[in-house]
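The structure appears below as structure tokens.
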Amino acid sequence: MILAATVTRPSFTGALFAGSALPVAIIVLIVLVVWYVAAIPMNAVLSQPLIDQAGGGLANTLSISWSLPRPVLPAPHQVMAELWNTVFTVAPWRPRSLLYHCWVTLSSTLLGFMLGTILGVALAIAIVHVKALNRSLMPWIIASQTIPILAIAPMIIVVLGSIGLTGLVPKSLISMYLCFFPVTIGMVKGLTSPDPMQLDLMRTYNADASQVLWKLRWPASVPFLFTSLKVAIAIALVGAIVGELPTGAQAGIGARLLNGSYYGQTQQIWAALVAAAVMSSGLVWLVGFIERQVARAMGAKP
Amino acid sequence: MIAALRHKRFAAIGLLALSGLLLWLMAHLVTARPGILFWIGVLVLWALVWIGNDALSGIRTSSPLTTRLRNLAVPAIFGLTLLLLWQLAVKGFGIPLVLLPAPSDIWSKLITSLPTLAADFVQTFLRAVLPGWALGSLAGFLVAVLCDAWGFLRRGLLPLGNLFAALPIVGVAPIMVMWFGFDWHSKVAVVVVMTFFPMLVNTVAGLQAAGHLERDLMRSYGASWFDTLVKLRLPAAMPFIFNALKINSTLALIGAIVAEFFGTPIVGMGFRISTEVGRLGLDMVWAEIAVAAIAGSAFYGIIALIERVVTFWHPSYRSRKDP
Numbered sequence: 016m017i018l019a020a021t022v023t024r025p026s027f028t029g030a031l032f033a034g035s036a037l038p039v040a041i042i043v044l045i046v047l048v049v050w051y052v053a054a055i056p057m058n059a060v061l062s063q064p065l066i067d068q069a070g071g072g073l074a075n076t077l078s079i080s081w082s083l084p085r086p087v088l089p090a091p092h093q094v095m096a097e098l099w100n101t102v103f104t105v106a107p108w109r110p111r112s113l114l115y116h117c118w119v120t121l122s123s124t125l126l127g128f129m130l131g132t133i134l135g136v137a138l139a140i141a142i143v144h145v146k147a148l149n150r151s152l153m154p155w156i157i158a159s160q161t162i163p164i165l166a167i168a169p170m171i172i173v174v175l176g177s178i179g180l181t182g183l184v185p186k187s188l189i190s191m192y193l194c195f196f197p198v199t200i201g202m203v204k205g206l207t208s209p210d211p212m213q214l215d216l217m218r219t220y221n222a223d224a225s226q227v228l229w230k231l232r233w234p235a236s237v238p239f240l241f242t243s244l245k246v247a248i249a250i251a252l253v254g255a256i257v258g259e260l261p262t263g264a265q266a267g268i269g270a271r272l273l274n275g276s277y278y279g280q281t282q283q284i285w286a287a288l289v290a291a292a293v294m295s296s297g298l299v300w301l302v303g304f305i306e307r308q309v310a311r312a313m314g315a316k317p
Numbered sequence: 008m009i010a011a012l013r014h015k016r017f018a019a020i021g022l023l024a025l026s027g028l029l030l031w032l033m034a035h036l037v038t039a040r041p042g043i044l045f046w047i048g049v050l051v052l053w054a055l056v057w058i059g060n061d062a063l064s065g066i067r068t069s070s071p072l073t074t075r076l077r078n079l080a081v082p083a084i085f086g087l088t089l090l091l092l093w094q095l096a097v098k099g100f101g102i103p104l105v106l107l108p109a110p111s112d113i114w115s116k117l118i119t120s121l122p123t124l125a126a127d128f129v130q131t132f133l134r135a136v137l138p139g140w141a142l143g144s145l146a147g148f149l150v151a152v153l154c155d156a157w158g159f160l161r162r163g164l165l166p167l168g169n170l171f172a173a174l175p176i177v178g179v180a181p182i183m184v185m186w187f188g189f190d191w192h193s194k195v196a197v198v199v200v201m202t203f204f205p206m207l208v209n210t211v212a213g214l215q216a217a218g219h220l221e222r223d224l225m226r227s228y229g230a231s232w233f234d235t236l237v238k239l240r241l242p243a244a245m246p247f248i249f250n251a252l253k254i255n256s257t258l259a260l261i262g263a264i265v266a267e268f269f270g271t272p273i274v275g276m277g278f279r280i281s282t283e284v285g286r287l288g289l290d291m292v293w294a295e296i297a298v299a300a301i302a303g304s305a306f307y308g309i310i311a312l313i314e315r316v317v318t319f320w321h322p323s324y325r326s327r328k329d330p
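Those protein sequence lines, which keep their order, are chains V and U. Residues in the first sequence are numbered consecutively from 16, following my numbering. Residues in the second sequence are numbered consecutively from 8, following my numbering.
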């Protein structure tokens, strides 16, 4: 589909209709309209008395439904206003700033992502080289992911807290546990992707296992690595957010969600959600960007 | 030569059984603070079990039944050894219950509090996870078929779907709890939202999976869009659909349990875990985790079995020579 769009591109308007820019814009527009319309009946419980007080009428209904202080469903512009207020009008190191909470979540996400990647790659290398590990460890790695780790998150945090580890590390460990899995699975596939001819060639060169690994298996697995990393970094963010829930809501995106739900601050919840979405897509984009740079450095055609 | 090798293998497996048994006895008899000799013994026995298991995994089998038995036994022995080492470490070093309970403690708690665990299982798994998973997957599937029928929708919705599939959707949990109340309805809603996008993205990808040759053949038969969909493209999409169902099975469990952190009646797995952590009843927490793990693995396993029946034609299920 992407190929077809790039090959047959006669003009700008033609590209607009053949590509996905216009359809995406229309769907987003439809979603916004539905959102605004839905805000009226969903907020009716709160807004109806105020509307009656103001004398009814369409203008009053709209203006009151879309500007309640604690709405059931805030209108999009209210969410944007909340974002603007917490990002640009507050110094970023103050706990009232959304950027501060983003940084708290981002730091544990990145640490967990790094640890998870190292663990995942190490496990994959071990599994590829030790046959018994392949048979005995692989089923358990898969089974480990059917355990809802997020459910154990509070316990991990409490247990680590009781031996003196608090703050960044426990959250990162949850992120690590979540994101090592796609890396291991992808890298086992990637490290075994060189075909037997190439492995035979390495054997005729009298290459030992580490040379085969670094000169053949590792370069061959790079595309698999980056595909897994994109999945892993998105999951690492989820892990960090959920890891913040049971710590008693001190800081981070998860704490914003929890605080917002305790005090009925819906706009705060929605703003935190938007921030998490921006962070997630930004991180995935960053991994994709590094992937393109590495591919170019390794001699791939653009 | 080969006979000698075979003897060696059987000796290794005999060793495995013997040292496993000894390790199990030690785990039973261990009291707090044993001497250094005890730990050396444990390490030696562990190494022996490892060597035996390695030999077992290298055995060449002739019949498919013994191959399957071997493929089950190797990871099972690995897991059991880890459990025994866990028990030995906790009891031997005298680790307190509030840090890490031993497997035997967890088991006794599990046996004695079955009614509570069953109630939590019904509330979280049967009322929230299963309906949410089914509804979300079905909705994703139907929208994917709509997308396929109408190219405009696909071009508009698919980039958004790809974006949403990577977002931390579990964050909608507080909103859903606010909208649908504390009981299972809000959990179902969270699970539906979480499972929708993976299903949408995977099904759309799967519907593109049928080859050009097959599609041309269907066209030369004069088959309608619907016939092509039902007879060619949906069967070809089945591996993708089952992939999404498997991803969704774990996502659903996560969504339901996390949603319980934001408000719940006084029953449910997430509720029990967070309250028992607060009371430092770690054995109950682990019992709940064991139930969740068994339920999650069984759920996943059942889907995998159905997949094997439905997509028997897929290359990954054809019998291949054991290396």
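Note that the Cβ used here is the ideal one computed from N, Cα and C, for glycine as well.
Excluding the 5 residues flanking it on each side, CYS117/V has same chain C-beta neighbours closer than 8 Å at ILE268, ALA290, MET294, in chain order. The Cβ atoms of VAL46/V and PRO166/U do not sit closer than 8 Å to each other. DSSP, read as helix, strand or coil, puts ARG315/U in helix.
Minimum Cα-Cα distance from PRO138/U among the listed residues VAL105/U, LYS194/U, LEU28/U, THR74/U corresponds to LYS194/U. Excluding five sequence positions before and after MET183/U, the CB atoms of its chain that fall closer than 6 Å to its own CB belong to SER193, ALA196, VAL197, given in chain order. Nearest to LEU228/V by alpha-carbon distance, out of ALA247/V, LEU121/V, VAL246/V, VAL203/V, is VAL203/V. Neighbours of PRO175/U across chain V, judged by C-beta separation under 7 Å: LEU252, VAL253, ILE256, ALA291, SER295.
In this chain, the alpha helix (DSSP H) harbouring GLY277/U covers 276–285. In the three-state reduction of the DSSP assignment, TRP108/V falls in the coil class, being assigned neither a helical nor a strand state. Shown here, MET313/V sits in coil according to DSSP, grouped into three states, outside any helix or strand.
ARG279/U and PHE196/V have their C-alpha atoms roughly 27 Å apart. Here TRP81/V is buried, its C-beta having at least 16 other C-beta atoms within 10 Å.
In the three-state reduction of the DSSP assignment, ARG85/V falls in the coil class.
Distance check between THR281/V and each of VAL43/V, HIS144/V, GLU97/V places GLU97/V closest, using alpha-carbon atoms only. ASP290/U counts as buried, since no fewer than 16 other beta carbons sit within 10 angstroms of its beta carbon. In this structure, DSSP gives ILE102/U a state outside helix and strand, which the three-state scheme calls coil. In terms of CA proximity to MET206/U, ASN169/U leads the group ILE273/U, ARG315/U, GLY27/U, ASN169/U. With 16 or more other Cβ atoms from the protein chains shown falling within 10 Å of its own Cβ, ARG134/U counts as buried. Sequence-distant partners of GLU259/V (beyond 5 residues in either direction) whose C-beta falls short of 6 Å from its own C-beta, in its chain, are GLY267, GLY269, ALA270. When VAL136/V, LEU273/V, GLN265/V, ALA69/V are compared, the shortest CA-CA separation from MET191/V is found for VAL136/V. Of the residues GLY303/V, PRO110/V, ARG311/V, the one whose Cα lies closest to the Cα of THR242/V is GLY303/V. In this model, ALA243/U and LEU214/U are separated by some 7 Å (Cα to Cα). For secondary structure counted as the alpha helix (DSSP H) over 4 or more consecutive residues, the stretch 108–166 of chain U holds these complete runs in sequence order: 110–119, 121–128, 137–156.
If you draw a straight line from the Cα of ILE296/U to the Cα of ALA305/U, it comes to about 14 Å.
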